[in-house]
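To start, the structure itself, in structure tokens.
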Amino acid sequence: MKVLVTGGLGFIGSHTVVELQQKGFEVIIIDDCSNSDEEVLNGIEAITGKKPLFEKLDLREKDKVVDFFKRHQDVIGVIHFAASKAVGESVEKPLLYYENNIGTLVYILKELCKKNKASFIFSSSCTVYGQADKMPITEDAPVKVAESPYGNTKQMGEEIIADTCKVTPGLNAIALRYFNPMGAHPSGEIGELPKGVPQNLVPFITQTGIGLRNELSVFGDDYPTPDGTCIRDYIYVVDLAKAHVVALERLLEGKNEKNYEVFNVGTGKGSSVLEAIQSFEKVSGRKLNYKIVDRRPGDITEAYADTTKANEVLGWKAEYSLEDAMKYAWIWEQKIRD
Ligand SMILES: NC(=O)c1ccc[n+]([C@@H]2O[C@H](COP(=O)([O-])OP(=O)(O)OC[C@H]3O[C@@H](n4cnc5c(N)ncnc54)[C@H](O)[C@@H]3O)[C@@H](O)[C@H]2O)c1
């Protein structure tokens, strides 16, 4: 029951490690701490009572990846979170993104192909749909031309896994297309730790709320949506973490219908930027300083998931609301600034 979690010190990875350990899996984390901190191990231990095994290793170093799998032949499954994820940075440094998000994926898959049987879960994203033609978005909505090298790495990543599974019957894989992960663990022990200016809305909101940033810019209020601001599907990180455990169990128990499957992971409910702000104001009791500015190039109007497939086939459903998730994001923000 030993599972490798790459990027397991990161935001989504750390919450998934907690859920895996609580389900009795033995977890080994690989992380190079390029976007996280070893302290996260203490947070995980505080919640679960167990410190996961950890190897500080850069997955771009192929020899070290090969050596890792030689030393840990009992790894039965891999959840691969490790990647670079800043869309803007990916435009500036495309090769960094192709090397880190594609190179590392190939190295890991090569090792898994050497095994008789292996299970693999991949962090994909709703970014693969671009501006989908129909809402809510089902898994068979067309994959649109990627808007950034980051988005392209998710599309290519899915194709690489699909192609590899076609010729490797022992390899079983699931790509989870996350919508907009947010929040922090209810214990307040782990959460999102964005380095520099947050790329995502929720940490920007909470950092503005605590006074770390002066003002939140809302990019456009003239979109064709009820209040004019963009709509996203905010998924609570603990719900998302649980989806990984369910997906992994599906593969380990041989319940998958094909050896490569794709699932949306969202709530199925779209919320606007202004609704997210209102939710913050409600849970914090504070007014948020924000202003409406021009639209930002590349932003899509709306994206929210049809979660029927995840609900019915995977047997998973998001349980928490935007407000619950915002409450935990705010508790976390206050704790880390304390
Ligand atoms: N957070 C989101 O909004 C979102 C949405 C869709 C998909 N995803 C994907 O989910 C995954 C996890 O995202 P996250 O938000 O937890 O990001 P994160 O940056 O918090 O976690 C990624 C972790 O991977 C590590 N890492 C990066 N490159 C590495 C390497 N070469 N070797 C070893 N470790 C490495 C980082 O140090 C970090 O701890 C990523 O693949 C991301 O693209 C995230």
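Using the numbering used here, the first residue of the sequence shown is number 3, and each one after it goes up by one.
All residues carry an ideal CB built from backbone N, CA and C; glycine is no exception.
Report task. Following the continuous alpha helix (DSSP H) through V108, name the residue where it begins and the one where it ends. Result -> T106 to C115
**Report entry** Nearest to E149 (by Cα), restricted to the options A134, E161 and T140
**Finding:** A134
Report task. Starting from the N-terminal side, write out each stretch of the beta strand (DSSP E) that is 3 residues or longer and does not extend beyond the stretch 142–208. Result -> 173–180 and 182–184
**Report entry** Secondary structure of T18, DSSP reduced to three states
**Finding:** helix
Query - Supposed contact pair F124 and A351 - C-beta distance, whole angstroms, cut 8 Å - result: No answer is possible for residue 351: it lies beyond the span of the chain, which begins at 3 and ends at 340.
Requested in this report: Closer than 6 Å by C-beta to F13: which residues in its own chain qualify, once you throw out the five before and the five after it? Chain order, please.
Outcome: E194
Query raised in the report: To which residues of the same chain is S286 closer than 6 Å at the C-beta, ignoring the five residues directly before and after it?
Result: G211 and W332
Query raised in the report: Heavy atom of ligand 1 less than 6 Å from the Cβ of P183, yes or no?
Result: yes
Query raised in the report: Among G45, Q75 and E101, which has the Cα closest to the Cα of E63?
Result: E101
Query raised in the report: Quick one: what does DSSP say E57 is sitting in, helix, strand or coil?
Result: strand
Query raised in the report: Looking at N102 and ligand 1, is the gap between the Cβ and the nearest heavy atom below 6 Å?
Result: yes
Query raised in the report: Which residue comes first and which comes last in the beta strand (DSSP E) that contains G79?
Result: V77 to H82
Query raised in the report: A278 by DSSP, collapsed to three states: which one?
Result: helix
Query raised in the report: In terms of alpha-carbon separation, which member of V67, N202 and V29 lies closest to Y109?
Result: V67
Query raised in the report: Which residue comes first and which comes last in the beta strand (DSSP E) that contains N266?
Result: Y262 to V267
Report task. Drop a sphere of 10 angstroms on the beta-carbon of D241, count the other beta-carbons inside from all chains shown, and report buried for 16 or more, exposed for fewer. Result -> buried
Query raised in the report: Where do the N-terminal and C-terminal ends of the alpha helix (DSSP H) with L350 fall, by residue?
Result: Because residue 350 is not part of the residues shown, which for the chain are 3 to 340, the question remains open.
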